[in-house]
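In this text, residue positions in the sequence shown follow the working numbering: the first is 273, and each later residue adds one.
Below: one structure, written as structure tokens.
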Amino acid sequence: MTLYSKIIGTGSFLPPQRVTNQDLIERLALDGIETSDEWIVSRSGISARHYASADMQSSDLAVEAAKRALGMAQLAANDIDLIILATSTPDFFGGFPSTACVVQRKLGVTNGCPALDVQAVCSGFVYALATADKFIKSGSHKNVLVIGAEVFSRIIDFKDRTTCVLFGDGSGAVVMTASEEPGVLATALHADGSYGDILCGPGRISNGVLEGSAFMYMDGQAVFKLAIGLLDKVANEALQLAKMDSSEVDWIVPHQANIRIMQGTAKKLGLSMDKMIVTVDQHGNTSAASIPLALDVGVRDGRIKPGQNVMMEGVGGGFTWGAVLARM
273 MTLYSKIIGT GSFLPPQRVT NQDLIERLAL DGIETSDEWI VSRSGISARH YASADMQSSD
333 LAVEAAKRAL GMAQLAANDI DLIILATSTP DFFGGFPSTA CVVQRKLGVT NGCPALDVQA
393 VCSGFVYALA TADKFIKSGS HKNVLVIGAE VFSRIIDFKD RTTCVLFGDG SGAVVMTASE
453 EPGVLATALH ADGSYGDILC GPGRISNGVL EGSAFMYMDG QAVFKLAIGL LDKVANEALQ
513 LAKMDSSEVD WIVPHQANIR IMQGTAKKLG LSMDKMIVTV DQHGNTSAAS IPLALDVGVR
573 DGRIKPGQNV MMEGVGGGFT WGAVLARM
């Protein structure tokens with residue numbers, strides 16, 4: 273018997289505060305920074321994003337998405353035997369206790385299951401999904417909760433108009449279970465640390481004092497050029513591993529970073545944009561949360577149906593990149 277890991281539930285959550293481009297334009301103007309809706313949309317495709325309130329942490333967003341995924345899967349929290357959470361904005365400085373452990377507590381999971389965080393920035397959810405797949409296929413775990421959750425509004429510099437307009441907060445989750453039916457068909461993960469400086473959080477703590485900037489840094493042009501080539505290659509790698517052609521892909525659910533990167537990826541794969549789930553216009557770039565957010569939107573509005581093949585792929589700081597091809 274071949275054992276697969278299969279997605280049986282999806283969920284997502286956005287904090288209530290929706291910030292349109294006009295809202296952001298007015299906020300930036302108070303600091304003498306000029307931008308426009310046309311400038312933002314033409315470069316990114318983003319019209320709005322959501323920001324968490326001061327009392328909301330990544331774990332709070334994650335819990336709401338997890339509850340919705342568990343509801344769709346018709347499982348109780350204590351049916352979960354592994355929690356993997358991808359985030360670059362953990363609840364606690366230094367990352368401990370892990371945000372996954374905080375989510376475990378807030379969900380009321382009392383069965384002692386392992387819980388861990390994954391840090392691969394915008395590739396984080398793909399990394400987490402691939403990790404869950406290996407745990408399930410090994411036979412060691414049956415029901416795995418995989419979450420991407422971010423509060424990126426906390427680490428962006430609102431005096432840098434080239435990056436602050438791009439990011440938002442949110443969370444997405446899936447429940448994966450052991451199945452005899454095909455689920456995850458292939459995974460491909462990569463990293464190249466030599467590109468670490470083009471997308472990073474450069475600040476360091478020494479003796480309790482911050483050295484450098486607490487804000488994220490991104491060389492947008494360098495990331496753009498690297499991303500287009502790598503996303504095409506890793507998607508084709510996953511297809512080759514699954515012995516499939518791109519024409520057999522029903523939906524692409526990419527990391528929602530920039531509409532131009534997404535359009536370039538679809539073109540290189542020979543697929544229509546009609547086959548791509550796009551939420552970047554309303555969510556912005558939510559880093560590790562963007563793929564599960566978009567996946568949940570596609571599932572709940574009926575576009576993504578059982579039996580269809582979905583390609584999920586992303587690139588992130590590190591530099592990291594990866595793809596997961598799954599049958600729903």
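Just so you know, even glycine gets a beta-carbon here, dropped at the ideal spot from N, CA and C.
The structure presented is a predicted model; accordingly, all values stated were derived computationally and were not measured.
| Asked | Found |
| --- | --- |
| Could you give the distance in angstroms between the alpha-carbon of Val-506 and the alpha-carbon of Leu-333? | 29 Å |
| In angstroms with no decimal places, state the Cα-to-Cα distance between Thr-459 and Gly-594. | 8 Å |
| By a C-beta neighbour count over all protein chains shown, 10 Å radius and 16 as the cutoff for buried, is Val-481 buried or exposed? | exposed |
| Mark Gln-528 as exposed unless 16 or more other C-beta atoms lie within 10 angstroms of its C-beta, in which case mark it buried. | buried |
| In chain order, which alpha helix (DSSP H) runs of at least 4 residues are fully inside the region 303–333? | 309–316 |
| Taking C-beta to C-beta, are Met-448 and Val-525 nearer than 9 Å? | no |
| Please report the Cβ distance between Ala-358 and Ala-560, rounded to the nearest whole angstrom; I am assuming they are in contact, meaning their Cβ atoms lie under 8 Å. | 4 Å |
| Let me know the secondary structure DSSP gives Ile-549 once reduced to three states. | coil |
| Whose C-beta lies closer than 7 Å to the C-beta of Leu-296 among residues of the same chain, with five residues either side of it excluded? | Val-437 |
| Would you identify the three-state DSSP class for Arg-575, choosing helix, strand or coil? | coil |
| How would you label Lys-497, buried or exposed, when you count the other beta carbons within 10 angstroms and need 16 or more for buried? | exposed |
| Using CA atoms only, rank isn't needed, just tell me which of Gln-391, Leu-275, Ser-277, Thr-282 is closest to Ile-576. | Thr-282 |
| So, for Gly-475: in the same chain, excluding its five sequence neighbours on each side, which residues have a beta-carbon less than 6 Å away from its beta-carbon? | Leu-482, Gly-484, Ser-485, Ala-486 |
| Report the option in Leu-567, Ser-277, Val-596, Val-550 whose CA atom is closest to the CA atom of Gly-412. | Sequence check: residue 412 is Ser here, not Gly. With distances taken between Cα atoms, Ser-412 lies closest to Ser-277. |
| Do Leu-457 and Ala-514 have their C-beta atoms within less than 9 Å of each other? | yes |
| To the nearest angstrom, report how far apart Ala-341 and Asp-491 are at their CA atoms. | 35 Å |
| Starting from Gln-376, trace the alpha helix (DSSP H) in both directions and tell me its first and last residue. | 371–379 |
| Around the Cβ of Arg-299, are there at least 16 other Cβ atoms within 10 angstroms (buried) or fewer (exposed)? | exposed |
| On the three-pair Cβ rule with 8 Å, is the region 352–367 touching the region 308–320? | no |
| Taking its Cβ as the centre, do 16 or more other Cβ atoms sit within 10 Å of Asp-441, making it buried, or is it exposed? | buried |
| Helix, strand or coil for Met-448 per DSSP? | strand |
| Taking only three categories from DSSP, how would you classify Ser-472? | A small fix is needed here, since residue 472 is Cys in this sequence, not Ser. DSSP places Cys-472 in strand when its eight states are reduced to three. |
| For the beta strand (DSSP E) containing Lys-278, list its first residue and its last residue. | 276–285 |
| If I follow the unbroken beta strand (DSSP E) through Arg-290, where does it start and stop? | 289–292 |
| Can you tell me whether DSSP reads Asp-351 as helix, strand or coil? | helix |
| Which complete beta strand (DSSP E) runs does the region 387–471 hold, if anything under 3 residues is left out? | 387–390, 415–423, 441–451, 456–463 |
| With DSSP as the reference, label Pro-486 as helix, strand or coil. | Note that residue 486 corresponds to Ala in the displayed sequence, not to Pro. Three-state DSSP puts Ala-486 in coil, outside helix and strand. |
| Under 9 Å between the Cβ atoms of Ala-337 and Pro-564? | yes |
| Confirm, please, whether the CB-CB distance from Gly-473 to Ala-445 is below 9 Å. | no |
| Of all the options Thr-361, Asp-405, Phe-285, which has the alpha carbon lying nearest to the alpha carbon of Val-569? | Phe-285 |
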